[in-house]
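J.: Sharing a structure here in structure tokens format.
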Amino acid sequence: MRRLALPVLVAWSLCSSASALETAGPASQPGPAAVTPLDESQLSPDQRNGAEIFQAFRNGLAAPQCESGASQAEWEQQFRNAPRQLADGGQDALAMFGYVVDALRDADLPTEFALIPFVESAYKPSARNGGGPAGLWQFIALTARNHGVRVGKQYDGRMSPVDSTQAAVRYLKTLHGMFGGDWRLTVMAYNAGEARVLTAMRRAGMSAATADPARLPGMSRTSYQYVEKLHALACLFQRAENRPEWVQALERPVPRLAPQTLPEDTRGLEAWARGEGHDPDFIRRINPALWGGNVSGRSVLAPTAEGDITPVTALSLVGRAQDDTASAPNPFNPTTPLHSSEQAKSGTSHTVRKGESAWSIAKRYGIGVQDLLTANHLGRKSVIKPGMVLTIAKSD
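Laid out in structure tokens, this is it:
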């Protein structure tokens, strides 16, 4: 049975009127802008300067240089409203962006990955595509479950910015280690599945250290475009720095968001928010997974004072991710890509059932045991457990 996904590429409006906050002109390197710095004495303990978020993003880019080109111009046109979305104080995007940037920096990952939710959901945690992808990262149910996100009638963790971001960062951390720290290969594997990228590298005689992401045989145009889109977005934001009015719009108090655990006796999200002194409407908007049902004991994203962000908050992302990152991936971790549309085209998958072995699965599909293990980055001593999703590679 193939793994199916419906990747959502949010179409930014192409007909919006020009404004001071829209991006125009050719790519250029950012220069200093004359702005009035925020008086940080205005900040409450659970706030920070929005400009600090953007600076953290800029500092974490793996490829800060911008080049001109036809494809670059196409994607910049499609996503041209993204800088304005961050600058708009009436939207939640900058606070959410800050949370994802923090998670990536804590995990020592490139901040280009913080642009994925712009492409997928326009940074709207409540985004849904019918019965398919959902949430900030637009995961489908199957792959979300395979990456430890609970999806059920009473609770859909894809709609939790905490659960979904932790899953995305863990997987990106695994891929980043697997592909030698190359952010472009990581993004291609995130979109198409690591098995497909590894197969392309093998056919080209490349290793993670020598691979040229632009010249991998057998990769679809969609995978290359995913990299192009993220790079175009990064360049849009960098070029926006040349406009003082845009930089000034970032100089504002923004909630410092971090995961918190709701007490077991929590009776409702709004009541908890009021009791903690938070805006109930804001808490509700950014936590759509908690809109109904029992919320006690769940993770909630909320404004948090910097001193109250415990090591567990960061380590819940980093520690588990590092366990999955080594010279070879953890065999206990399902290797289903969070974006599996491309992998669905490259072969079949099999969900391991109780009592099955690598030998019985290989025999069922008429392939060699070693071929099965290699396609899933497993060794002879790896343990195949029920629930793991294995790639059944087609014979060359």
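Quick note on numbering: the sequence shown equals residues -20 to -1, 1 to 376 in mature numbering (1 follows the signal peptide of the UniProt record, and there is no 0).
We treat Cβ as the ideally placed atom computed from N, Cα and C, and that holds for glycine.
As the structure is a prediction and not an experimental result, all values here were calculated from the model.
1. Taking SER279 as part of the beta strand (DSSP E), name the residues at either end of that continuous run.
2. State yes or no: is the C-beta of VAL207 within less than 8 Å of the C-beta of ARG164?
3. Using DSSP bridges, identify the partner residues of ASP136.
4. Going straight from the alpha carbon of GLN65 to that of GLU174, what length do you get?
5. Would the region 49 to 62 and the region 78 to 88 be scored as touching if the rule is three or more Cβ pairs under 8 Å?
6. Pick from PHE262, LEU353, LEU242, GLN228: whose alpha carbon is nearest that of ASP19?
7. Determine the contact status of THR284 and ALA251, defining contact as a CB-CB distance below 8 Å.
8. I'd like to know whether the C-beta atoms of ALA212 and TRP339 end up nearer to each other than 8 Å.
9. By how many angstroms is the C-alpha of ASP261 removed from the C-alpha of SER276?
10. For ALA169, I'd like the list of residues in its chain whose CB is within less than 6 Å of its CB, leaving aside the five on either flank, ordered along the chain.
11. Taking Cβ to Cβ, would you say LEU95 is nearer than 8 Å to GLY40?
12. By alpha-carbon positions, which one of GLU286, TRP117, ARG150, GLN350 ends up nearest to SER101?
13. Output needed for ASP259: all residues of its chain with C-beta closer than 8 Å, excluding positions within five of it in sequence on either side, in chain order.
14. Please confirm whether ALA172 and MET199 have their CB atoms less than 8 Å apart.
15. Residues bridged to ARG108 by DSSP?
16. Return yes when the Cβ of VAL149 is within less than 8 Å of the Cβ of ALA87, no when it is not.
17. Who pairs with THR91 in a beta bridge, going by DSSP?
18. At what residues does the beta strand (DSSP E) containing ASN29 begin and finish?
19. State the beta-bridge partners of GLN240 as determined by DSSP.
20. As a quick exercise: from ILE364, LYS343, GLY359, pick the residue whose alpha carbon is nearest that of THR331.
21. Tell me the residue span of the alpha helix (DSSP H) that contains PRO233.
22. Taking ILE341 as part of the alpha helix (DSSP H), name the residues at either end of that continuous run.
23. Please state whether the Cβ-Cβ distance between ALA269 and MET76 is less than 8 Å.
24. With DSSP as the reference, identify every bridge partner of PHE262, one or two as the case may be.
25. Below 8 Å on the Cβ atoms is my contact criterion, and I expect ALA147 with ALA124 to pass it. Report the Cβ-Cβ distance as a whole number of Å.
26. Does DSSP put PHE34 in a helix, in a strand, or in coil?
27. Could you give the distance in angstroms between the alpha-carbon of THR246 and the alpha-carbon of GLU225?
28. Any idea what DSSP makes of PHE119, helix, strand or coil?
29. Are the CB atoms of ALA14 and LEU230 within a distance shorter than 8 Å?
T.: Let's see:
1. Residue numbering aside, residue 279 sits at position 299 when the sequence shown is read from its first letter. First-last of the beta strand (DSSP E) with SER279: 279 to 283.
2. What you label residue 207 is simply residue 227 of the sequence shown in a count that begins at 1. What you label residue 164 is simply residue 184 of the sequence shown in a count that begins at 1. Yes, the Cβ-Cβ distance between VAL207 and ARG164 is below 8 Å.
3. As a first step, residue 136 must be located in the sequence shown, where it is residue number 156. ASP136 is bridged to VAL131.
4. On the sequence shown, position 85 is the one that residue 65 refers to. On the sequence shown, position 194 is the one that residue 174 refers to. If you take the alpha carbons of GLN65 and GLU174, they lie about 32 Å apart.
5. Cβ pair count under 8 Å is below three, so no.
6. Along the sequence shown, read from residue 1 onward, the residue named residue 19 stands at position 39. In this structure, GLN228 is the residue among PHE262, LEU353, LEU242, GLN228 with its C-alpha nearest to the C-alpha of ASP19.
7. Along the sequence shown, one-based indexing puts residue 284 at 304. Along the sequence shown, one-based indexing puts residue 251 at 271. Inclusion of THR284 and ALA251 in the CB contact set at 8 Å is not warranted, their separation being larger than that value.
8. The residue given as residue 212 occupies position 232 in the sequence shown. The residue given as residue 339 occupies position 359 in the sequence shown. Here ALA212 is not near TRP339, since their CB atoms are 8 Å or more apart.
9. Your numbering for residue 276 matches position 296 in the sequence shown. Your numbering for residue 261 matches position 281 in the sequence shown. Their backbone Cα atoms lie some 19 Å apart in a straight line.
10. Here residue 169 refers to the residue found at position 189 when the sequence shown is read from its first residue. Here the set comprises LEU155, VAL177.
11. Reading the sequence shown from its first residue, position 115 is the one you call residue 95. Reading the sequence shown from its first residue, position 60 is the one you call residue 40. Result no, Cβ atoms of LEU95 and GLY40 do not sit closer than 8 Å.
12. Position 121 of the sequence shown, counting from 1, holds the residue named residue 101. Of the residues GLU286, TRP117, ARG150, GLN350, the one whose Cα lies closest to the Cα of SER101 is TRP117.
13. Here residue 259 refers to the residue found at position 279 of the sequence shown. When the five nearest sequence neighbours on each side are left out, the beta carbons in the same chain lying within less than 8 Å of the beta carbon of ASP259 are those of ALA253, in order along the chain.
14. On the sequence shown, position 192 is the one that residue 172 refers to. On the sequence shown, position 219 is the one that residue 199 refers to. MET199 is positioned such that its CB atom lies closer than 8 Å to that of ALA172.
15. One-based indexing of the sequence shown puts residue 108 at position 128. Beta-bridge pairing links ARG108 to ALA114.
16. Position 107 of the sequence shown, counted from the first residue, corresponds to residue 87. Position 169 of the sequence shown, counted from the first residue, corresponds to residue 149. A contact, by the Cβ cut-off of 8 Å.
17. For the purposes of this step, residue 91 is taken as the residue at position 111 of the sequence shown. Partner(s): none; THR91 has no beta bridge.
18. Residue 29 sits at position 49 when you count from the first residue of the sequence shown. 27 to 29 is the span of the beta strand (DSSP E), which, as asked, contains ASN29.
19. Against the sequence shown, residue 240 aligns to sequence position 260. DSSP, once it has assigned bridges, lists VAL280 as partnering GLN240.
20. In the sequence shown, counting from the first residue as 1, residue 331 sits at position 351. It is ILE364.
21. The residue given as residue 233 occupies position 253 in the sequence shown. PRO233 -> not in any alpha helix (DSSP H); beta strand (DSSP E) instead, spanning 233 to 235.
22. Taking the first residue of the sequence shown as 1, we reach residue 341 at position 361. Going by DSSP, ILE341 is part of the alpha helix (DSSP H) stretching over 338 to 345.
23. If you number the sequence shown from 1, residue 269 lands on position 289. If you number the sequence shown from 1, residue 76 lands on position 96. Result no, Cβ atoms of ALA269 and MET76 do not sit closer than 8 Å.
24. Residue mapping note: residue 262 aligns to position 282 of the sequence shown, counting from 1. The partner list for PHE262 (beta bridge, DSSP) is empty, contrary to what the question assumes.
25. Against the sequence shown, residue 147 aligns to sequence position 167. Against the sequence shown, residue 124 aligns to sequence position 144. The C-beta distance from ALA147 to ALA124 rounds to 7 Å, short enough to meet the 8 Å contact threshold.
26. Within the sequence shown, numbered from 1, the residue matching residue 34 stands at position 54. Helix at PHE34.
27. Taking the sequence shown and counting its residues from 1, one reaches residue 246 at position 266. Taking the sequence shown and counting its residues from 1, one reaches residue 225 at position 245. Computed Cα separation, rounded: 43 Å.
28. Here residue 119 corresponds to residue number 139 of the sequence shown, with the count starting at 1. Reduced to three states, the DSSP call for PHE119 is strand.
29. Stepping through the sequence shown from its first residue, residue 230 is reached at position 250. Stepping through the sequence shown from its first residue, residue 14 is reached at position 34. Judged by beta-carbon spacing, ALA14 lies beyond the 8 Å limit of LEU230, meaning their Cβ atoms are not closer than that value.
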